[in-house]
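Comments concern the structure below.
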């Protein structure tokens, strides 16, 4: 049920396969201010954007083992913006020397009828969470500092509870497949954030 | 005797003129840079320019203090001939800045006393200095020297001392927690601690805790309501499922969709 590997997919329709390069880390609440100061200095000169999003993760289970996962995200600050639907593939097991986690990524915008549509298609919502935080940008790189909260009653976002006392820090780049210089740039940027945050390649399967 | 003095004078004036010409050149380039390239200018390069100017001023000062230089204070320049006519030689010498050696330019160029306002201020300052008396003045000089030397010491001390203090402080307050990192990445990656409906077969009761059990029943109710809502739409292929396994519902619906997806409009 997973999309076939990148090398096998034919190039159709003019859409380039985008890969997401990802490094993750976290920062404790009390050190958040210093991290934001540092990012404000390091990143491109613009006011950091704050966001509050609600993400729902939908699963489609087939007869085979792995379910197909789609992530639907909507903004709580701008309720009229379209929903954002994202597919993230399995992390590519390339050479171990690559510094970032690389996975296939497909992003589309969708209308507000997305949850109903996915339900009709047969997807079932597996879990949801709220993410609130700041977004920074440096060239191609995107740095997201967000606080994840658990939603107690599905659909009700008044009553959320933070998952932990830390903020999740993610450094990501969306680039076409095959550009390995991207991970070098990411690594040097991650060096500049030490020792406040240690951004590294964390394989989610290891944490299952 | 006089010839030697004259030769000394000539030589010192020559070197002074060259030094001043250097200073003028660097000032000119600095002004040009400030006026035309101000958006590309960085603070370190501005500092470099200032350093260059200060170095050149220093050499001029050293030259003036040199023992070989005769005291210019004892020499006087007297204009012998003033004319309102344009003098080509003078114009060439001064790069067109002084074309006429006339009554207007002489007070400015041959001035030996400072401006009247500056003179006033200098008089006031020297009166003030004389007023406070020599001991107080000495004390003030000493405190200034002490402050400067303290500051210099702090700045010049090896960085290691400072770094060890700050690193000790930082070690007492770690800024991230590895366990939290893993928990957050797991939550975003596959919904650890967030997922309400545990798929059958995957067991993780130890991790989920209280929040899950309270949210569990509500989630299951919602899916059953959803499944029940779908039933009238299906062509009888959906069978009634037990509440404990909402995960089995989608498979029936999916087979329906699969058969319908044999369409000719392949991309």
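Chains as they are written, first to last, in our numbering: chain G, 1 to 208; chain L, 1001 to 1267.
Glycine residues also receive a C-beta, built at the ideal position from the N, C-alpha and C atoms.
Source: prediction; values computed, not measured.
TODO: Starting from the N-terminal side, write out each stretch of the beta strand (DSSP E) that is 3 residues or longer and does not extend beyond the segment 1006-1075 of chain L.
DONE: none
Task: residue 57 of chain G at chain L interface by Cβ criterion, 9 angstroms - done: It does; some Cβ of chain L falls within 9 angstroms.
Open item on the list: Which residues of the segment 1180-1191 of chain L have a Cβ closer than 9 angstroms to any Cβ of chain G? Give them in chain order.
Closed with: 1180, 1181, 1182, 1183, 1184, 1185, 1186, 1187, 1188, 1189, 1190 and 1191
Task: Boundaries (first-last residue) of the beta strand (DSSP E) holding residue 61 of chain G - done: Per DSSP, residue 61 of chain G lies in no beta strand (DSSP E) and is assigned neither H nor E.
Open item on the list: Across the segment 113-131 of chain G and the segment 31-42 of chain G, are there enough close Cβ pairs to call them in contact, namely three or more that are closer than 8 angstroms?
Closed with: no
- [ ] Check whether the Cβ atoms of residue 25 of chain G and residue 198 of chain G lie closer than 9 angstroms to each other.
- [x] yes
TODO: Taking residue 1194 of chain L as the query, report the chain G residues whose CB atoms sit under 9 angstroms from its CB, ordered along the chain.
DONE: 57, 126, 127, 128, 129, 148, 150, 151 and 163
Task: Beta-carbon proximity of residue 202 of chain G to residue 171 of chain G, cut-off 9 angstroms - done: no
TODO: Please confirm if the segment 65-76 of chain G is in contact with the segment 171-182 of chain G, defined as three or more CB-CB distances below 8 angstroms between the two stretches.
DONE: no
- [ ] Measure the beta-carbon distance from residue 1099 of chain L to residue 1090 of chain L and round it to whole angstroms, keeping in mind my assumption that it falls under 8 angstroms.
- [x] Indeed, because the Cβ distance is near 7 angstroms, the residues count as touching under 8 angstroms.
Open item on the list: What does the Cβ neighbour count give for residue 178 of chain G, buried or exposed, with the cut at 16 atoms within 10 Å?
Closed with: exposed
Task: Residues of its chain near residue 167 of chain G, where Cβ-Cβ distance is below 6 angstroms and the 5 sequence neighbours each way are ignored - done: 27, 32, 145 and 147
TODO: Assess, as a yes-or-no matter, whether the segment 1018-1036 of chain L is touched by the segment 1054-1071 of chain L under the definition of 3 or more beta carbon pairs within less than 8 angstroms.
DONE: yes
TODO: Check residue 1153 of chain L in the structure and name its three-state DSSP category.
DONE: helix
Task: Below-9 angstroms beta-carbon distance, residue 1030 of chain L vs any chain G residue - done: no
- [ ] Determine the closest residue to residue 1016 of chain L out of L/1049, L/1131, L/1065 and L/1127, with distance taken between C-alpha atoms.
- [x] L/1065
Task: DSSP state of residue 1084 of chain L mapped onto helix, strand, coil - done: coil
TODO: Spell out whether any CB of chain L is found under 9 angstroms from the CB atom of residue 174 of chain G.
DONE: no
Open item on the list: Please confirm whether residue 1044 of chain L has its beta-carbon closer than 9 angstroms to some beta-carbon of chain G.
Closed with: no
TODO: Using 10 angstroms around the beta-carbon of residue 1176 of chain L, count the other beta-carbons present and answer buried if the total reaches 16, otherwise exposed.
DONE: With 16 or more Cβ atoms within 10 Å of its Cβ, residue 1176 of chain L is classed as buried.
Task: 8 angstroms contact criterion, which residue 131 of chain G and residue 23 of chain G should meet: CB distance rounded - done: Going by Cβ atoms, the distance from residue 131 of chain G to residue 23 of chain G rounds to 17 angstroms, so no, they are not a contact pair.
Open item on the list: Comparing C-alpha positions only, which one of G/137, G/77, G/183 and G/163 sits nearest to residue 1278 of chain L?
Closed with: No answer is possible for residue 1278 of chain L: it lies beyond the span of chain L, which begins at 1001 and ends at 1267.
- [ ] With 8 angstroms as the C-beta to C-beta threshold (strictly closer), list the residues of the segment 188-202 of chain G near chain L in chain order.
- [x] 195, 196, 197, 198 and 202
Task: Straight-line gap, residue 153 of chain G to residue 1189 of chain L (C-alpha atoms, nearest Å) - done: 21 angstroms
Task: Interface positions of the segment 20-36 of chain G facing chain L (Cβ-Cβ less than 8 angstroms), listed along the chain - done: 24, 25, 26, 27, 28, 30, 31, 34 and 35
Open item on the list: Just to check my reading of the structure: residue 55 of chain G and residue 129 of chain G have Cβ atoms closer than 8 angstroms, yes? What is that Cβ distance to the nearest angstrom?
Closed with: 6 angstroms
Task: Residues that DSSP places opposite residue 24 of chain G in a beta bridge - done: G/170 and G/200
Task: Listed by chain order, chain L residues near residue 204 of chain G by CB distance under 7 angstroms - done: 1185, 1186, 1189 and 1190
Task: Identity of the residues DSSP links to residue 109 of chain G by a beta bridge - done: G/84
- [ ] Below 8 angstroms CB to CB, which residues in the same chain sit around residue 122 of chain G once its five sequence neighbours on both sides are set aside?
- [x] 60
TODO: Please go through the same chain and pick out, in chain order, the residues whose beta-carbon is closer than 7 angstroms to the beta-carbon of residue 192 of chain G, but skip the five residues on each side of it.
DONE: 42
Open item on the list: Against chain G, which members of the segment 1098-1125 of chain L pass a CB distance test of less than 7 angstroms?
Closed with: none
Task: Residue-chain proximity (residue 111 of chain G, chain L), Cβ-Cβ < 9 angstroms - done: no
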